[in-house]
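Enquirer:
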Amino acid sequence: MTALSAFFYRKPKLRLGFLLSAPLLWLGLAYLGALAALFVTAFWHTDAFTGQVVIEWSLDNFTTLFSDAVYRTITFRTVGIAALVTVIDAVIAFPMAFAMAKLASPRAQRILVIAVMTPLWASYLVKAYAWRSMLSGNGALNWLSPGYGVTATIITLSYLWLPYMILPIYAGLERLPDSLVDASGDLGARSFRTFRSVILPLTFPAIVAGSIFTFSLSLGDYIAVKIVGGTSQMLGNVVYDNIGAANNLPFAATVATVPVVIMLVYLAAVRRTGALDNL
Amino acid sequence: MKNRKTRLAGLLGASLLLAACGTSGTSSSAPPGAQGFTPPKLEALKALGQPEGQLNVLAWPGYAENGSNDPKINWVTPFEQQTGCKVNVKPFGTSDEAVTLMKTGQYDVVSASGDASLRLVASGDVEPVNTALVPNYADVQPFLKDKSWNSVGGVAYGIPHGWGANLLTWRTDKVTPAPGSWSVMFDANSPYKGKVIAYDSPIYIADAALYLMAHQPDLGIKNPYALDDKQFTAAVNLLKQQRPLVSEYWSDYLKESQALKNGDAVVGTAWQVTVNLTKGEGAPLESAVPSEGATGWSDTWMVAAKSAHKTCAYKWLDYIVSPKVNAQVAEYFGEAPANTKACAEMTDKTLCDTYHASDSAYASKIAYWTTPIPQCLDGRTDVKCKDYGEWTKAWTEIKG
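Residue numbers (the working numbering), protein chains in the order written: chain L, 1 to 279; chain D, 280 to 679.
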């Protein structure tokens with residue numbers, strides 16, 4: 001054992017390679033491999049009757065995806081819902097996280113963190129169905145939404161993903177030294193100026209981190225829409241229907257590349273702001 | 280006048296359906312695969328062996344209850360005790376899910392509806408069934424045997440089990456007078472705008488086609504599962520026109536039951552089991568097969584070609600259609616039993632009348648789910664029909 005560690009000590013490059021091999025294998029095989037398999041499948045098609053996948057290369061699926069107006073409508077609807085959910089969550093989460101990190105006593109802080117996390121311990125389905133009955137015609141929160149549909153979906157998703165926004169912002173605000181806020185005040189800044197010039201720029205990476213969660217989770221969701229979405233559907237539903245109903249795995253893969261591409265664009269845009277450097 | 284025309288169209292459709300079934304079921308000179316495809320060559324089991332001790336069952340919810348949902352509802356345990364075959368049950372939610380799961384080769388028997396059975400036969404996932412090894416097959420209603428969804432070229436691929444209609448269902452307190460036609464769900468001027476609940480599956484396009492059969496006879500639809508370009512477009516357009524009326528589409532019957540109970544929906548398509556359940560919770564609900572007829576299901580227990588437990592599978596097939604068990608399943612699920620002797624075994628003696636169990640005229644009014652394929656199921660050879668893949672694409676488009 002000591003001989004082995006001495007050997008690795010003398011060969012730092014080998015040591016690094018050895019240490020990294022397991023995570024790289026995981027990333028390469030399980031993660032990128034699955035994505036690659038998905039992308040490859042998108043170029044195949046299925047036998048209409050038996051449902052077996054036929055391995056013949058063609059761009060037909062992508063042609064359908066781009067030429068049919070319905071997929072464009074669904075993509076825009078999905079991105080719109082995801083963006084709105086992210087904005088709503090950010091607006092609700094920031095004051096909550098600020099109160100938790102800066103105003104509450106250490107004891108209250110701990111209780112508040114637990115309180116924010118409690119909903120994560122309950123089943124997604126129970127929470128979504130609870131919203132279904134609250135938003136129903138004779139439900140308690142019926143006034144919030146005109147029946148089931150896009151509005152109901154946005155409300156439900158905003159509720160479901162809120163903790164994923166609060167916790168990163170809370171962590172970011174906690175790292176923000178109080179002395180900076182005090183210094184800003186000493187230099188004559190009013191509270192809004194302090195917020196705009198000190199707090200917001202320093203916690204922006206945390207908000208971005210939260211937005212990655214809420215945006216990507218909304219982009220891929222299909223269960224909440226099925227429960228409170230009425231007749232409307234999102235990208236996830238198209239993927240689900242093509243696997244579950246049509247047994248058309250290749251076309252489902254084609255549709256599934258859409259959120260992947262959107263997320264890549266989003267991450268690239270976020271990277272340009274420099275927000276990812278601080279994560 | 281209109282009523283008579285409707286009835287005439289219905290009769291015409293029914294007789295044509297019967298004629299179509301007749302040719303596929305009985306004629307021995309027809310080429311293999313009278314439905315337009317040739318199934319893979321597979322042999323039925325010749326004789327039973329020793330039970331293998333295991334059976335993996337893929338079933339609609341409520342078809343293979345083992346007491347886990349309700350300790351009093353259990354017909355799986357007696358089977359295990361009788362045969363020594365330990366049963367593992369996997370429930371599925373839609374026909375499409377069943378087809379996907381059967382491809383894994385992990386299941387020995389499946390309760391397939393007509394929109395799944397032909398796909399399973401064509402892909403070689405299920406094999407012909409030797410009905411001589413299923414004694415209770417003799418008591419199965421004659422009008423359920425040798426149908427286009429459970430046999431190919433006169434060869435049986437399974438044992439008929441139960442059937443029912445996708446009923447027009449309404450809240451009696453909110454919908455007056457009682458509707459006698461599907462037009463409450465399809466007419467653009469329906470007074471129940473935004474309160475309609477429709478089935479969430481591509482196969483629902485057939486419901487629109489069935490409606491058009493009666494209301495637009497010039498389209499020439501003879502079978503709602505055999506639609507050419509023009510007929511298909513008409514059905515899809517009807518559903519697009521229906522969309523603003525719809526409050527939501529259901530695929531989970533419990534979700535539908537809740538919507539009907541809360542009054543979020545007041546009229547829609549439902550199964551008998553949903554009606555029973557919702558009525559049981561106090562909602563004033565009524566259901567019927569309206570003048571145009573209805574789509575429905577006729578289920579068949581089939582044996583997987585790759586099954587390693589075939590003796591247990593045959594024992595299950597015989598057991599599940601035995602009079603007493605068939606009655607239990609039909610009563611629990613809310614459908615007509617296939618076995619003629621099952622009616623005498625029901626706890627509630629009126630049920631067989633409610634479900635029209637031995638009423639072949641009623642049974643022929645139902646357009647049973649069948650997988651749409653390019654070869655028109657109504658026998659036309661001069662046109663190409665839309666296959667299920669295209670039905671699915673259109674369904675996405677209808678929902679928008």
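In this text, a Cβ means the ideal position worked out from N, Cα and C, and glycines have one as well.
Quick check on the DSSP output: the alpha helix (DSSP H) that includes D387(D) runs from which residue to which?
Expert: Unbroken run through D387(D): none, as it is neither H nor E.
Enquirer: Between Q510(D) and L498(D), how many whole angstroms is the CB-CB distance? I'm expecting something under 8 Å.
Expert: With 8 Å as the limit, Q510(D) and L498(D) qualify as a contact, their Cβ atoms being about 5 Å apart.
Enquirer: Could you tell me whether the stretch 24-39 of chain L touches the stretch 185-200 of chain L, where touching means 3 or more Cβ pairs closer than 8 Å?
Expert: No: fewer than three Cβ pairs fall under 8 Å.
Enquirer: In angstroms with no decimal places, state the Cα-to-Cα distance between T75(L) and Q361(D).
Expert: Taking the straight line from one Cα to the other gives about 55 Å.
Enquirer: Roughly how many angstroms lie between the CA atoms of S430(D) and V413(D), to the nearest whole one?
Expert: Each residue's Cα considered, the two are about 16 Å apart.
Enquirer: List the residues of chain D that Y148(L) touches, going by C-beta distances under 8 Å, in chain order.
Expert: Within chain D, the residues near Y148(L) are S526, E527 and D543.
Enquirer: If you follow the alpha helix (DSSP H) that N541(D) is in, where does it begin and where does it stop?
Expert: Segment Y532 to N541, the alpha helix (DSSP H) holding N541(D).
Enquirer: Let me know if I484(D) comes out buried or exposed under the rule of 16 or more other beta-carbons within 10 Å of its beta-carbon.
Expert: Label assigned to I484(D): buried.
Enquirer: Touching or not, the stretch 556-563 of chain D and the stretch 449-464 of chain D, by the rule of three or more beta carbon pairs under 8 Å?
Expert: Touching, yes.
Enquirer: If you follow the alpha helix (DSSP H) that P106(L) is part of, which residue opens it and which one closes it?
Expert: Unbroken alpha helix (DSSP H) run through P106(L): P106 to W121.
Enquirer: Looking at chain D, is there any beta carbon in it that lies within less than 9 Å of the beta carbon of I81(L)?
Expert: Answer no: the Cβ-Cβ gap between I81(L) and chain D never drops below 9 Å.
Enquirer: Go to R450(D), then tell me how far its alpha helix (DSSP H) extends in each direction, as first and last residue.
Expert: From DSSP, R450(D) is part of no alpha helix (DSSP H) but of the beta strand (DSSP E) over L446 to R450.
Enquirer: Using the beta-carbon of each residue, which ones in chain D are nearer than 7 Å to V91(L)?
Expert: The premise fails here: V91(L) is roughly 29 Å from chain D at the closest Cβ pair, so nothing lies under 7 Å.
Enquirer: Tell me, please, whether the CB atom of R72(L) is closer than 9 Å to any CB atom in chain D?
Expert: Chain D, which has no Cβ nearer than 9 Å to the Cβ of R72(L), makes this no.
Enquirer: In chain order, what residues of the same chain have a beta carbon less than 6 Å from the beta carbon of W354(D), not counting five sequence neighbours either side?
Expert: Around W354(D): V604 and Q607.
Enquirer: For P651(D), report the span of its beta strand (DSSP E) as first-last.
Expert: Premise fails: P651(D) is in no beta strand (DSSP E) and is neither H nor E.
Enquirer: Starting from the C-beta of Q109(L), find all residues in its chain whose C-beta is less than 7 Å away, skip the five residues before and the five after it, and write them out in chain order.
Expert: Counting only Cβ-Cβ distances below 7 Å, and skipping sequence neighbours, we find M100.
Enquirer: Roughly how many angstroms separate the alpha carbons of L16(L) and F8(L), rounded to a whole number?
Expert: Rounded to the nearest angstrom, the two C-alpha atoms are 9 Å apart.
Enquirer: Starting from G152(L), follow the alpha helix (DSSP H) in both directions and report where the run begins and ends.
Expert: The question names Gly, but residue 152(L) is Ala in the sequence shown. V150 to R175 is the extent of the alpha helix (DSSP H) around A152(L).
Enquirer: Please report whether the beta-carbon of T225(D) lies at a distance below 9 Å from any beta-carbon of chain L.
Expert: There is no way to answer for residue 225(D), as the model of chain D reaches only from 280 to 679.
Enquirer: Give the residues of chain L in contact with E676(D), contact being defined as C-beta atoms less than 8 Å apart.
Expert: Those are D68 and V70, listed as they occur along chain L.
Enquirer: Measure the C-alpha to C-alpha separation of A573(D) and S392(D) and round it to an integer number of angstroms.
Expert: Looking at the two C-alpha atoms, the distance is approximately 16 Å.
Enquirer: Are there three or more Cβ pairs, one per stretch, closer than 8 Å when the stretch 567-584 of chain D is compared with the stretch 380-394 of chain D?
Expert: With a cut-off of 8 Å, the stretch 380-394 of chain D and the stretch 567-584 of chain D count as touching, because enough Cβ pairs lie within range.
Enquirer: Roughly how many angstroms separate the alpha carbons of F316(D) and Y593(D), rounded to a whole number?
Expert: If you take the alpha carbons of F316(D) and Y593(D), they lie about 27 Å apart.
Enquirer: For a contact meaning CB atoms closer than 7 Å, what does T231(L) contact in chain D?
Expert: Within 7 Å Cβ-Cβ: R522, V525, E527, Y528 and K678.
Enquirer: Taking 9 Å as the threshold (C-beta atoms), are M96(L) and I166(L) in contact?
Expert: Yes, Cβ-Cβ distance for I166(L) and M96(L) is below 9 Å.
Enquirer: Does any residue of chain D have a CB that is nearer than 9 Å to the CB of T75(L)?
Expert: No - not a single Cβ of chain D is within 9 Å of the one on T75(L).
Enquirer: So is T660(D) buried or exposed if we call it buried at 16+ other beta carbons inside 10 Å?
Expert: So T660(D) counts as exposed.
Enquirer: Determine which residues of the stretch 373-387 of chain D have a Cβ less than 7 Å from any Cβ of chain B, and write them out in chain order.
Expert: No chain B appears in the structure shown, which is made up of the protein chains L and D.
Enquirer: So, for F358(D): in the same chain, excluding its five sequence neighbours on each side, which residues have a beta-carbon less than 6 Å away from its beta-carbon?
Expert: Once the five neighbours on either side are set aside, the close Cβ partners of F358(D) are Y598.
Enquirer: Taking DSSP as the reference, what is the three-state secondary structure of T356(D)?
Expert: T356(D): helix per DSSP, three-state reduction.
Enquirer: List the endpoints of the continuous alpha helix (DSSP H) containing I482(D).
Expert: It is not in any alpha helix (DSSP H) - I482(D) carries neither H nor E in the DSSP assignment.
Enquirer: Please state if the CB of P259(L) and the CB of L235(L) are separated by a distance shorter than 9 Å.
Expert: Yes. Within cutoff.
Enquirer: For I500(D), does the count of other Cβ atoms within 10 angstroms reach 16, so buried, or fall short, so exposed?
Expert: The residue is buried, with at least 16 neighbouring Cβ atoms inside 10 Å.
Enquirer: Using only the alpha-carbon positions, how far apart do T46(L) and S58(L) sit?
Expert: Taking the straight line joining both Cα atoms gives about 12 Å.
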